[in-house]
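Asker:
2 protein chains.
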Amino acid sequence: MVDHDRRVRRTRRALHEALIALVLERGYDRLTVQDVLDRADVGRSTFYAHYRDKEALLTATFDDMRAQLQRDVDAQTGGDPLDPARPAGLLFAHAHRNQRVYRALCGREGGTVVLRHLHRMLAEVLTTQLGPHLPAGSPVPIGLVVEFCTSAALGLLVRWIDDGFPDDPRTMTAGYRALCLPGVRAVAGGLVADEAQMWLQ
Amino acid sequence: MVDHDRRVRRTRRALHEALIALVLERGYDRLTVQDVLDRADVGRSTFYAHYRDKEALLTATFDDMRAQLQRDVDAQTGGDPLDPARPAGLLFAHAHRNQRVYRALCGREGGTVVLRHLHRMLAEVLTTQLGPHLPAGSPVPIGLVVEFCTSAALGLLVRWIDDGFPDDPRTMTAGYRALCLPGVRAVAGGLVADEAQMWLQ
DNA sequence: CCAGAACCGAACACTGTGTTCAGCAATGAA
DNA sequence: TTCATTGCTGAACACAGTGTTCGGTTCTGG
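Keeping their order, the protein sequence lines are chains A and G.
Everything in the first sequence is counted per the numbering used here, starting at 56 for the first residue and increasing by one.
Everything in the second sequence is counted per the numbering used here, starting at 56 for the first residue and increasing by one.
As structure tokens, then:
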């Protein structure tokens with residue numbers, strides 16, 4: 056089970072590719088471990104020597120890629136600190152560069168596990184990024200702002216994936232920014248009360 | 056299987072209540088049909104005479120309530136047609152009035168089926184509402200605007216539920232409006248290009 | 001070359017699903 | 001109240017999928 060052994064690398068690679076191919080064909084839910092084994096031509100006991108279950112394989116398959124995205128995010132510098140489209144744009148770009156995998160693991164047929172990971176990841180980044188720039192006694196607490204931006208970004212991502220990536224990632228980012236940034240600015244600038252009370256009741 | 060027979064009503068009611076109670080205790084995924092039958096004290100064959108499977112029971116359990124929400128939405132009149140918080144606010148209010156059921160069926164432990172229904176429902180309403188008021192050649196297509204607003208609203212809803220409904224539904228609605236409306240207005244008013252190009256690159 | 005490690009595959013126990021059917025009990029209508 | 005109808009029961013069954021075990025085989029890196 057050490058990855059400098061060629062047999063281990065071969066086995067894992069075969070499983071990952073079989074998983075992605077099969078999810079694209081039949082969807083994650085309608086998929087048994089045995090299906091993956093047959094496609095990958097790997098023995099049953101071998102699978103369980105590597106992964107606890109189907110979900111662990113899914114997570115592992117996405118893990119390297121997620122690490123890459125995390126590095127992109129950490130390396131990012133400059134830009135408007137209030138702009139949620141800064142990290143979200145990296146996510147869009149990353150998805151666009153790995154369309155096949157994203158289609159399999161984050162599309163409608165791909166289960167919710169990976170999406171939950173991305174959700175948490177983006178939420179953490181946005182909390183760090185927006186936190187210092189929102190007024191302490193903000194009428195809209197930081198948690199809600201982050202949840203708003205995160206859910207919206209992932210919603211756009213999933214739809215973009217399921218539509219087959221029709222647009223440029225920059226177009227997606229620009230669209231997301233156009234929709235998201237004004238509201239965040241309004242909240243950060245304390246313009247909320249006016250808006251809220253204007254329509255409350 | 057006709058619902059003017061008392062036996063049918065009793066059986067279904069027992070199944071619905073058992074489902075909700077058990078989801079709250081253990082989560083939808085970690086729940087077998089047999090668990091529900093034991094709790095409801097209903098025979099196995101009886102269950103399958105009423106529902107195709109566990110998911111069908113879930114859907115049916117939420118169905119009456121969803122119909123009520125739909126009626127609220129249809130009855131709504133007045134207000135800013137560009138404001139996505141108009142229908143979303145009804146959803147928040149509805150959830151607040153039925154906390155126990157929403158906690159069971161739409162919380163993190165509640166699976167994704169009901170959430171998908173709500174997503175589609177809200178998206179349809181918003182498409183109808185916003186469609187006529189967005190410029191035809193909008194740089195951000197109506198589909199993306201709707202997806203943005205819908206995902207954000209449901210994201211806030213889920214978090215609100217899982218936090219145990221700490222805030223007033225009006226506060227939630229106001230917060231959502233403060234975050235969402237400015238962006239929608241910007242897009243509808245054609246201010247998008249400025250924003251987008253300002254930060255693009 | 002070779003000791004150690006990974007792989008194989010068949011068998012097994014287990015959990016959960018969905019169906020069937022004969023007998024029983026409650027129901028609503030007359 | 002009667003009674004044909006309809007729903008409920010519960011046990012049994014076939015089936016699909018999971019996760020584990022183990023003796024034998026094959027490959028790998030040193």
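Glycine included, C-beta positions come from ideal geometry on N, C-alpha and C.
Less than 8 angstroms between C-beta atoms, sequence neighbours within five positions excluded: which residues of the same chain meet that for A/Leu145?
Answerer: Hits under 8 angstroms: Leu124, Asp127, Val128, Gln131.
Asker: Tell me whether A/Asp217 sits in a helix, a strand or coil according to DSSP, three-state version.
Answerer: A/Asp217: helix per DSSP, three-state reduction.
Asker: Would you tell me roughly how many angstroms separate the C-alpha atoms of A/Gln89 and G/Phe117, rounded to the nearest one?
Answerer: Taking the straight line joining both Cα atoms gives about 35 angstroms.
Asker: For the 8 angstroms Cβ check, are there 3 or more pairs between the stretch 102-109 of chain G and the stretch 77-92 of chain G?
Answerer: With the cut-off at 8 angstroms, the stretch 102-109 of chain G and the stretch 77-92 of chain G touch.
Asker: So G/Glu202 contacts chain A; which residues on that side make the cut at Cβ distance below 7 angstroms?
Answerer: Those within 7 angstroms of G/Glu202 in chain A are Gly210, Leu211, Arg214.
Asker: In angstroms with no decimal places, state the Cα-to-Cα distance between G/Leu79 and G/Met120.
Answerer: Roughly 18 angstroms between the two C-alpha positions.
Asker: Sort G/Ala115, G/Cys235, G/Ala69 by Cα distance to G/Asp93 and report the nearest one.
Answerer: Out of G/Ala115, G/Cys235, G/Ala69, G/Ala69 has the C-alpha closest to the C-alpha of G/Asp93.
Asker: If you draw a straight line from the C-alpha of G/Gly165 to the C-alpha of G/Arg171, how long is it?
Answerer: Whole-angstrom Cα-Cα distance: 12 angstroms.
Asker: Between the alpha carbons of G/Arg67 and G/Gly98, how many angstroms are there, rounded?
Answerer: Each residue's Cα considered, the two are about 12 angstroms apart.
Asker: May I have the straight-line CA-CA distance separating A/Asp58 from A/His105, to the nearest angstrom?
Answerer: Answer to the nearest angstrom: the Cα atoms are 11 angstroms apart.
Asker: Using DSSP with H/G/I as helix, E/B as strand and the rest coil, what is A/His59?
Answerer: In the structure shown, A/His59 sits in coil (DSSP, three-state: anything other than H, G, I, E or B).
Asker: Tell me whether A/Leu70 sits in a helix, a strand or coil according to DSSP, three-state version.
Answerer: Helix.
Asker: With a floor of 4 residues, list each alpha helix (DSSP H) that falls wholly inside the stretch 152-230 of chain A, ordered by position along the chain.
Answerer: Within the stretch 152-230 of chain A, the complete alpha helix (DSSP H) runs of at least 4 residues are 154-161, 168-185, 197-217.
Asker: Within 10 angstroms of the Cβ of G/Thr167, are there 16 or more other Cβ atoms? Answer buried if so, exposed if not.
Answerer: It is exposed - the Cβ of G/Thr167 has fewer than 16 other Cβ atoms within 10 Å.
Asker: G/Thr114 lies in the alpha helix (DSSP H); which residues open and close that run?
Answerer: Start and end: 109-130.
Asker: Buried or exposed for G/Arg163, please, with buried defined as at least 16 other CB atoms from any protein chain shown within 10 angstroms of its CB.
Answerer: G/Arg163 comes out exposed.
Asker: Determine the closest residue to A/Thr114 out of A/Arg232, A/Ser193, A/Leu173, A/Leu209, with distance taken between C-alpha atoms.
Answerer: Minimum Cα distance to A/Thr114 is reached at A/Leu173.
Asker: Leaving aside the five residues before and after G/Gln252 along the sequence, list all residues of the same chain whose C-beta is less than 8 angstroms from its C-beta, in chain order.
Answerer: Interpretation of G/Gln252 is limited by its pLDDT of 41, a score under 50 that renders its predicted location unreliable; no figure is taken from the coordinates.
Asker: So what does DSSP say about A/Leu86, is it helix, strand or coil?
Answerer: Correct three-state label for A/Leu86: coil.
Asker: Along the chain, where does the alpha helix (DSSP H) containing A/Tyr103 start, and where does it finish?
Answerer: Residues 99-105.
Asker: Give the DSSP-derived three-state secondary structure of G/Arg64 in the structure shown.
Answerer: Helix, per DSSP.
Asker: In the stretch 233-244 of chain A, which residues sit with their C-beta less than 8 angstroms from some C-beta in chain G, listed in chain order?
Answerer: Under the 8 angstroms Cβ criterion, the stretch 233-244 of chain A contributes Ala233, Leu234, Cys235, Leu236, Pro237, Gly238, Val239, Arg240, Ala241, Val242.
Asker: Closer than 9 angstroms, CB to CB, is A/Pro224 near chain G or not?
Answerer: False, the Cβ-Cβ gap to chain G never drops below 9 angstroms.
Asker: Exposed or buried, G/Asp96, counting other C-beta atoms within 10 Å across all chains shown (16 or more means buried)?
Answerer: Exposed, because fewer than 16 other Cβ atoms sit within 10 Å of the Cβ of G/Asp96.
Asker: Taking the straight line between their C-alpha atoms, what separation do you get for G/Val180 and G/Pro142?
Answerer: Using only the alpha carbons, I get a separation of about 7 angstroms.
Asker: Cα-Cα, which of A/Ala243, A/Leu234, A/Arg240, A/Val239 is closest to G/Gly244?
Answerer: The residue with the shortest Cα to Cα distance from G/Gly244 is A/Leu234.
Asker: What's the C-alpha gap between A/Leu209 and A/Ser100?
Answerer: Cα to Cα, the separation comes out at about 36 angstroms.
Asker: Report the residue from A/Ile197, A/Asp217, A/Tyr231, A/Leu211 whose alpha carbon sits nearest the alpha carbon of A/Gln154.
Answerer: Cα-wise, what sits closest to A/Gln154 is A/Asp217.
Asker: Relative to the alpha-carbon of G/Ala140, which residue among G/Arg61, G/Leu211, G/Pro221 has its alpha-carbon at the smallest distance?
Answerer: Closest by alpha carbon: G/Leu211.
Asker: For A/Met56, collect the residues of the same chain with a Cβ closer than 8 angstroms to its Cβ; drop the 5 residues on either side in sequence, then sort them by chain order.
Answerer: So the list reads Val63, Ala104, His105, once near-sequence residues are dropped.
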